[in-house]
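Only one structure is covered here, and it is reproduced in the block below.
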Amino acid sequence: MSETDGNESAVLAALDALGIEYERIEIDPAFGDTADFCREYGYPVPECGNTILIASRIEPRQFAACVVRADTRLDVNRRVRKLMGVRKASFASAEDTVAHTGMAIGGVTAFALPEGLPIYVDAAVFDLDRVILGSGVRRSKIAVAPGAGRPAPPGGGFKKEPAPRADKNREEGGVGWI
Numbered sequence: 029m030s031e032t033d034g035n036e037s038a039v040l041a042a043l044d045a046l047g048i049e050y051e052r053i054e055i056d057p058a059f060g061d062t063a064d065f066c067r068e069y070g071y072p073v074p075e076c077g078n079t080i081l082i083a084s085r086i087e088p089r090q091f092a093a094c095v096v097r098a099d100t101r102l103d104v105n106r107r108v109r110k111l112m113g114v115r116k117a118s119f120a121s122a123e124d125t126v127a128h129t130g131m132a133i134g135g136v137t138a139f140a141l142p143e144g145l146p147i148y149v150d151a152a153v154f155d156l157d158r159v160i161l162g163s164g165v166r167r168s169k170i171a172v173a174p175g176a177g178r179p180a181p182p183g184g185g186f187k188k189e190p191a192p193r194a195d196k197n198r199e200e201g202g203v204g205w206i
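Every letter in the sequence shown is one number past the one before it in the numbering used here, and letter 142, counting from 1, is 170.
The structure is reproduced here in structure tokens:
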């Protein structure tokens, strides 16, 4: 089993352990990035979600994963920075993302992330009947019902954190968990 097989296996095992129904969508790894995936396979961009790792800029570095609809801009400098309780934050580098998630760029998902890594989910994700997320690898995606993973069982592999809507142009005050 390759390292990438193990990452997908861990994600699917986490979904199974949580009792979350999912659809696994096999894809060509060349189309693992959301925009490419949607264009190649005909899925609407608003039905997809991106899991993005954010890093504080000042030592000691802190990290958080944010899940947003693919058609939503993530407000890192105001909203996420405040949620993380740091002065400055930015998108984590590809190297940091792989190192801290164990997942491939284009395949990062909110499931099976390391224990203790906060996960903030934009409330707009819950407007969807289903959301298509990464599976830990570039060769597949997973479709799940938003909120299917709550409440998390003790030791469920992820931490629930409230998150306001990510886009400053959206209605204020929404809260959600994955």
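Idealized CB from N, CA, C, for every residue including glycine.
Since the model is a prediction, treat every value here as computed from it, not as a measurement.
{"query": "For K116, three-class secondary structure by DSSP", "result": "coil"}
{"query": "Assigned exposure category for K169 - 16 Cβ within 10 Å defines buried", "result": "buried"}
{"query": "For T79, three-class secondary structure by DSSP", "result": "strand"}
{"query": "Supposed contact pair G164 and M209 - C-beta distance, whole angstroms, cut 8 Å", "result": "Nothing can be reported for residue 209: it is not among the residues displayed for the chain, which extend from 29 to 206."}
{"query": "Paired residues, beta bridge with C66 - DSSP", "result": "DSSP output for C66 lists no bridge partner at all."}
{"query": "Nearest candidate by alpha-carbon position, reference L156, set L145, D99, H128", "result": "D99"}
{"query": "Burial state of N78 (16 or more Cβ within 10 Å)", "result": "buried"}
{"query": "Identified DSSP bridge partners for E54", "result": "S168"}
{"query": "Own chain residues within Cβ distance below 8 Å of A41, not counting five before or after", "result": "A140"}
{"query": "Backbone secondary structure at F139 - three-state DSSP", "result": "coil"}
{"query": "Rounded straight-line distance, which links the Cα of G135 to that of L46", "result": "20 Å"}
{"query": "Per DSSP, the bridge partner or partners of A93", "result": "L81, I147"}
{"query": "Test item: CB-CB of V39 and T129 under 7 Å", "result": "no"}
{"query": "I147 to L81 span [Cα, whole Å]", "result": "9 Å"}
{"query": "Which of helix, strand or coil DSSP assigns to L102", "result": "coil"}
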